Every structure is written in structure tokens, then in C-alpha cells.
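Read in our numbering, the sequence shown has 553 at position 547, and its numbers run on one by one without any break.
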Amino acid sequence: MYKLLIFGGTTEGRKLIEYLKDKNIKIYLCVATEYGESLIEENENIKISSKRLNKEDMIELINKENFDLVIDSTHPYALEVSENIFLACKETKKEYLRLLRESEEENKEDIIYVNSVKEAVDFLENTYGNILVTTGSKEISSFTCLKNYKERVFARVLSIPKVVEECSKLGFQGANLIAMQGPFTEEFNYALLKQINGKYLVTKESGTLGGFKEKINSAKRAGAKVVVIGRPKKEKGFSFNEIINILKVKFNIKNKKKIYLVGIGMGNLETMTLKAEKVIKTCDIIIGAKRMVESLKNFNKKSFISYNYDEILNFIEEHNEYENIVIAYSGDTSFYSGSKKMLEKLKKYDVEVICGISSPVYFASKINKSLDDTKLISMHGKEENIIYHILHNKKVFSLLGGKDSIKTLCKTLIFYQLDNVNLYIGQNLSYKEEKIFKGKPKDFINSEFEGLTVILIENENFSPKKAYINIKDEEFLRGEVPMTKEEIRSLSILKLELDKDSIVYDIGAGTGSVSIEMALNVEKGKVFSIEKNQKGIDLINENKKKFKADNIEVIKGVAPKVLDSLLKPTHAFIGGSSSKLKDIIKTLLDKNPKIKVVINAITLETLLEALNCIKEFNVKSIDITQVVVSKNKKLGNYNLMIGQNPIYIISFKGENKNE
């Protein structure tokens, strides 16, 4: 017993069958031609008939099989057939659903809208130039009324022997008769229009699945005007997605969505893996940023352009008709790819990640370099302490963003006296416009690079990173500005318990000795060095340049006033507070209730103020250490130990009251 009767033969009808073929529903499919029958594979659940039925035949079939539901997915212009299906359902009291073809709203520039084939012919009678007619074989005889139609009109029809024979009898022969199955891509339509020197393209409003947009776009590119025969009437019915949702409820169809996160390579399809190509060929829809979707347009798939995670997730949840979904990413899914966060969003779905060829792999092969001793980073839309990586790695590869990114980087390299490194720059990798450059920073300081750019920096004089970097006092430029001494500096930083990506305030930075040492130990983080005196500011900048600590931002001013506009801190070191310790601590806790703070106090008054703040703000993990350091001084053959002022190191952590 068949459950579902579908009148199809159209693209959306075939798409509906494709969706239902493995859903264990008995389907009886009626198509208009034997050719339409040949396009769909019959199986134990799908019976196909190409017998033409009138209203009485339809009533007889419906009564015989007692279908639960009838779906009309015939062509929008097949008015008589659609009317007969509706009346047959009404008489047999069976539920009738009309599957509507999606319309396309187009700019009316260079498009002529008419209400019938006759109106189209009347319009073309007063024009000159070749005409590509794509309305089908039923209406092609109307175009024989045009003067010189045998030379001027090119008919594109289905590749059915009977249709070809009928068109040939009408005078459409040789190059003027094109027999092929559609729908067609924009590129194919464009090539055909150029081949025939077409000045006009005649089409019905065939909708998204009928390739209407592809026809419009190809005609615009070829300089041809489009004559559109409008739909005969405004129909009532359901979209494809709405039909799927109805069927899911009626036949209890379970969701079998499979989502593929696919790395498509550099952009040129030659850099796509065979597995990625196979998945894309068999998917229902491609989702991705505009550049990704456009690079895959030759696959002729439906698409949704977006790179917003929540927007993509909502689309997937709202469109049940798509079961095999590809989300496309450039390069490889494991290298600075949006697939990482997308995976977290898709936890409830069956997801497979398809790797791609990444830009560092491709670029390394182009410049004959290995990647086994290379630090891989990205400066595309994000900050990165690239100077630190260059200092401590022989090779650094980075994605870049913006036309001035190379210029800015080269200026920074020269500023930090890294002007002898070798630069390899790749632009528009894998595309026809691909360019590769080699040189020193000075060679590119005035250059602008449009498009997608990558860089590999080779530093033969790199120094491997130590587990912890500490600096001797005598290495700093000091002047007359007070400086936190080496032993106190190291212990204070140890108490801070910094991470690689910490955001640190150094308040009352003095010479910047603590800032420099912290910056060199937070390679992915940032240090804000806050100092009110200009002499201190100058020394911090000089030391920053000397130690190549590019992740320090020097702020002139008094805390807490200057803290408001800075990034949220994870840690703070207070070496000088200008009698505003309470206000500073309050501001720090307001900005981050869980901040870790270390204070250096040399006077008892500062110690007392710190203790009062600890009581008032109810912080936790409190630690107070008094440190007395004695350093040796040579007196002839003897060493005399000279004591320094005792220092109090106070540390605590904010307590998040919401936890």
C-alpha cells in the first residue's frame, strides 16, 4: 500500500524524492515523460509512472491506492494538470499539498517582463539580434512567427528524441537546436550566449531550483537583455522546507542531519583534497563566508552566506530539508580556523571534520622550506607578539590582514634592530594572481599588499626561549629613576603567578624593569606600563626598545584615573601608588573581581594602607612576605655584606561574589 502520491518531474519534485528515498515511505511518483522517469531511480519504496493522467485517471488511482497524502510538485506553468490534481483530491477527500517553486526577485534593469509567450514574441518582433529561448518545447512553435527565426532563434529543449524531432520539423536545426537537461550553471549560460552572440534570452520565471538567477546573471555578463514570461497566477501552497516539516510530523521522520566542516584549501579548487570534493559534490547545501561560497560555485549547490556562528546554527535548525550540510573554511580546519568554535556549537549533531591544505604547508613548498622548526601564528584580525616569536624561533610563519600589515611589520622589525632577518611573502596563494617575494625588511617598508597575504620570517640569530627570563639589574637603562631590584623583582613576579596570555598592569613602573621582565614572560599577553613622570616614561621606552618587548604599552598618567580605558586586567603589580592605593585597588577589583594583585611596600605607612584595603575589600589568598636582601661589596680581599631596605611583598586575589 502506497502512502504518498507525488506528481513531479520538476527539479523540486526530484529533490523531494531524493530526500524521501531512504525514509521507508511507500511513494507513487507520477511524471509527465519517460525522460522524467529515467532521471529517478525506482526502488522497493518508490514506484514511478510516466503515463499521462486526466482528472478521472487521477481519481481512479487515488481510490485504488488510498494514499494518505498527495503532493503536487508540477511545473508552475502546468495550470491544467495542477487544477486536475486539486479537483481529484477534493473529490476523493484526500489531503492536497501544493509544493511552490521559490521565486527570485530581480532588479528590473535590462529585464523585460511579459504576461505570456505571445507578448514575448510580439516584443521580439521589433528587435534585432539572436535569441536564446529556454521556455521549453511546448511553446517553441510560437517563435516561428518571428522573421528569420531559423537563423535568429536558438531553442534549448530537453534531450528527448520526440522533442528533437518536433523542433526539427518546425525548422530548428543544427546550431539553432540545443538539446540538454537543465538546470544550467551561470558559466554555461554565459558561454552559450557568447557562442551564439545572443542579444536576448527568453525564460519563464523558473525560480531558484529552475536556474532562474543563473540565467539572469549570465545574460547581464554577456550584455543580453532578458525577456521573462511571468507566472500565470499567484499560487497558494507551501515552500519546500514547509513540505518537509509537514512530512516529518505526518510520517514520524527522524532527523538524520550530517554536518561536514570542510577545509577547502587556498581557494583554487586544485588545492582541495579528493575527500573534500566528494563531500561537497554530494551535499545538499554549502554554508560559509562569501569568498568560500563563491570559490565553490562550480559545484552548482544551494548556498547560505554567513560566517556568524549563531546565524549558521539557527539556519541549520530552521531548515530541516538539508540533511548533508557542508560548512566551508579556507585552508585547513585545524589552523586558525572558525571550525574550532563551530564544533562547540554543533555538539548535538553528527559532525565530521574534513581537513584541507593549509597556507603554511602550501607556502613552505613554494619557497622550499621545512616547517619542523617553524612557529605558526596568525595576525589576521588579532594581536600577536610577533617580535617575541622572531627572537626565540628560527622561523616564524604568520597569516596577515590588511594592505598595510607588511609595511607596519617591517617598520617594527627595523625599530627593534631586526633588520637582517629574511622575509618570504606570499600573496593570493594558489590563485592566478599569486606572487611570492623575498627580501629584507627595508625592501618592503613602503610596499602595499592587496589581498590575502602570508609571511615567513627567518632569523638565523634567534635565541631559544628559557623556561623563565630574568634580567640582571645592570642590563637596564636606569638614569636617576628608582628601580625594583633583581631579587625583589623576581620574587614579586613569581607571586603574581602569570600565564602566557596574562593582561598585566604595572602601576608606578619607574624604569620599567618589572614591566620588561613580565612582558618577556607573557608571550601571548600584554603589559600596560603606567608611569606619571616623563623621565620614567623615556626610560621605559628605551628599555622596551633595548629588550624588544613589543607587548608593552606605555601609559603616561596617574592611576586609577588612566585605568578606565585599558583592557580588563588579569594581574596587577603596584610598585608606586602616589597615596591612592585604596582607589587603585577598588578600580582593579571593579574591572576584574578575580584579579591577582601584588604590592611592593617599602614604608610602614604603605604596608598599613595595604592591610586596611585587604580588610575592607574582603579579598582571599592573602600572602605577606618581608624580604631583606644583602649584597656583597668588595673591600680589598674581603666581601662585606651591605643590607638593603626591607621590602614587604603583599599579594592577594579578588573574590568573585557571584561564585
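Built from N, CA and C at the ideal position, the CB exists for glycine as well.
Note that the structure is a prediction, hence the values are computed from the model and not measured.
The Cβ atoms of Asp74 and Lys9 lie closer than 8 Å to each other. Judged by DSSP in its simplified three-state form, Asn251 adopts helix. Sixteen is the threshold: since fewer than 16 other Cβ atoms of the shown chains lie within 10 Å of the Cβ of Met647, the residue is exposed.
Here the segment 132 to 149 does not lie against the segment 41 to 60, with fewer than 3 beta-carbon pairs under 8 Å apart. As a beta-bridge residue in DSSP terms, Cys36 pairs with Phe13 and Ser55. Residue state for Glu18 is assigned as helix, using DSSP reduced to three classes. Taking the Cα positions, Gln650 is about 11 Å away from Glu493. For Ala126, DSSP assigns no beta-bridge partner whatsoever. Residue environment for Ala161: buried (at least 16 other C-beta atoms within 10 angstroms of its C-beta). In the displayed model, Asp78 falls within a strand according to three-state DSSP. Using a Cβ-Cβ distance cut-off of 8 Å, the segment 566 to 585 and the segment 501 to 509 are in contact, since at least three pairs of beta carbons, one from each stretch, lie closer than that value.
Excluding residues up to 5 positions away in sequence, Phe658, Lys659, Gly660 and Glu661 lie with their Cβ nearer than 7 Å to the Cβ of Val625 in the same chain. With a threshold of 16 other beta carbon atoms within 10 Å, Leu183 meets it and is buried. Cβ-Cβ distances below 7 Å link Ser79 to Ile12, Phe13, Gly14, Thr16, Glu18, Gly19, Leu22 and Leu105 in the same chain, with the five nearest sequence neighbours on each side left out; the list follows chain order. Classified as buried, Asp338 has 16 or more neighbouring CB atoms from the shown chains inside 10 Å of its CB. Of all C-beta pairs linking the segment 239 to 250 to the segment 200 to 211, fewer than three are shorter than 8 Å, placing the two stretches out of contact. Looking at Ile265, Lys124, Phe305 and Asn203, the one whose alpha-carbon comes closest to that of Glu192 is Phe305.
The residues Asp78 and Thr80, in chain order, have a CB closer than 6 Å to that of Ser88 in the same chain once the five nearest residues on each side in sequence are set aside. For Lys532 and Leu587, the gap between their C-alpha atoms comes out near 23 Å. Under the criterion of beta carbons closer than 8 Å, Leu397 and Ser469 qualify as touching, at roughly 6 Å. Between the segment 480 to 491 and the segment 422 to 431, the count of C-beta pairs closer than 8 Å stays below three; the two stretches do not touch.
With a threshold of 16 other beta carbon atoms within 10 Å, Tyr430 meets it and is buried.
Following the DSSP letters along the chain, one finds Met647 inside the beta strand (DSSP E) bounded by residues Tyr644 to Gly649.
Separation of Lys264 and Gly216 (C-alpha to C-alpha, rounded to the nearest whole angstrom) is 26 Å. If you look at Arg227, you'll find it in the alpha helix (DSSP H) that goes Phe218 to Ala228. Ranking Asn467, Leu526, Leu483 and Val564 by CA distance to the CA of Ser496 puts Leu526 first. Nearest C-alpha to Ile451 among Val460, Lys478 and Leu415: Leu415. Taking C-beta separations shorter than 7 Å and ignoring five residues to either side along the sequence, the partners of Lys347 in its chain run Tyr315, following chain order. Taking the CA atoms as reference points, Asn547 sits about 26 Å from Gly387.
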